[in-house]
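Visitor:
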Amino acid sequence: MHDTDHEILEVVDSKDNVIGTATRAEIHHLGLQHRSVHVFVFNRSGEIYVQRRSESKDRHAAKLDSSAAGHVDPGETYEQSAIRELEEELGIREDVTEILRVAASPETDNEHVVLYLVTTELEPNPNPAEVQWGGFMRPEQLEVLIKETPGDFVPAFILLWNEFLRKTK
62 MHDTDHEILE
72 VVDSKDNVIG
82 TATRAEIHHL
92 GLQHRSVHVF
102 VFNRSGEIYV
112 QRRSESKDRH
122 AAKLDSSAAG
132 HVDPGETYEQ
142 SAIRELEEEL
152 GIREDVTEIL
162 RVAASPETDN
172 EHVVLYLVTT
182 ELEPNPNPAE
192 VQWGGFMRPE
202 QLEVLIKETP
212 GDFVPAFILL
222 WNEFLRKTK
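Counting in this note's numbering, the sequence shown tops out at residue 230, every number present.
1) Can the beta-carbon of E155 be found less than 8 angstroms from the beta-carbon of T181?
2) Should R105 be labelled buried (16 or more other beta-carbon atoms within 10 Å of its own) or exposed?
3) Would you kindly check if the distance between the Cβ of V98 and the Cβ of A143 is under 8 angstroms?
4) Indicate the three-state DSSP secondary structure (helix, strand or coil) for A86 in the structure shown.
5) Going by the CB atoms, is the gap between I207 and L178 shorter than 8 angstroms?
6) Please return the same chain residues whose Cβ sits closer than 8 angstroms to the Cβ of L220, not counting the five positions on each side in sequence.
7) Closest to Q94 by CA distance: which of A129, V100, E224 and L70 is it?
8) Using beta-carbon positions only, say whether V111 and R96 come within less than 8 angstroms of one another.
Spelled out as structure tokens, the structure:
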């Protein structure tokens, strides 16, 4: 059992309305819909910061993922959550811009996801409890990695990356 198993999260319906609360463990075990955020951090050169999740994570351990990501806490807005996760995982305090929303699906672990974007000159300082490794890469490099080794990535990240590319092209 992980420390986060007892964390209380909001359960939502298919329209993202809060319908109750449950522990994180119950939500994931029962496949209940809930909320999360992902943040794509770009530097001024147009490179995206990609992290390898900590091996201690109970879901998608050691997989490549968004710059920062996490569950939305009860009573917290998506935006507040994105700002909090960015600071907790990478030590970056910046305003975020909403880019797109994705409805809950198997690829997102039944999470309604809001993707935010940050462009910064700040250097990420990864929290080792959250992030095993991280670095900036050119979008073309990322595309090759996703095509060659999709199993190395969190499924939600691939979904969000593809939606992001569709929206921004």
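All C-beta atoms, glycine included, are put in the ideal place defined by N, C-alpha and C. Small disclaimer: the values here were computed from a predicted structure and weren't measured.
Guide: A quick look at the data gives this:
1) On the sequence shown, position 94 is the one that residue 155 refers to. On the sequence shown, position 120 is the one that residue 181 refers to. Cβ distance < 8 angstroms, so E155 and T181 count as in contact.
2) As a working note, residue 105 is residue 44 in the sequence shown. Exposed.
3) Position 82 of the sequence shown, counted from the start, is the residue given in the question as residue 143. Position 37 of the sequence shown, counted from the start, is the residue given in the question as residue 98. Closer than 8 angstroms, so yes.
4) Start at 1 with the first residue of the sequence shown, and residue 86 comes out as number 25. A86: helix per DSSP, three-state reduction.
5) Reading the sequence shown from its first residue, position 117 is the one you call residue 178. Reading the sequence shown from its first residue, position 146 is the one you call residue 207. Result no, Cβ atoms of L178 and I207 do not sit closer than 8 angstroms.
6) Residue mapping note: residue 220 aligns to position 159 of the sequence shown, counting from 1. Taken in chain order, the residues that qualify are V163, S166, E168 and T169.
7) Position 33 of the sequence shown holds residue 94. Among A129, V100, E224 and L70, the Cα nearest to that of Q94 is on L70.
8) For the purposes of this step, residue 111 is identified with residue 50 of the sequence shown, where counting begins at 1. For the purposes of this step, residue 96 is identified with residue 35 of the sequence shown, where counting begins at 1. No.
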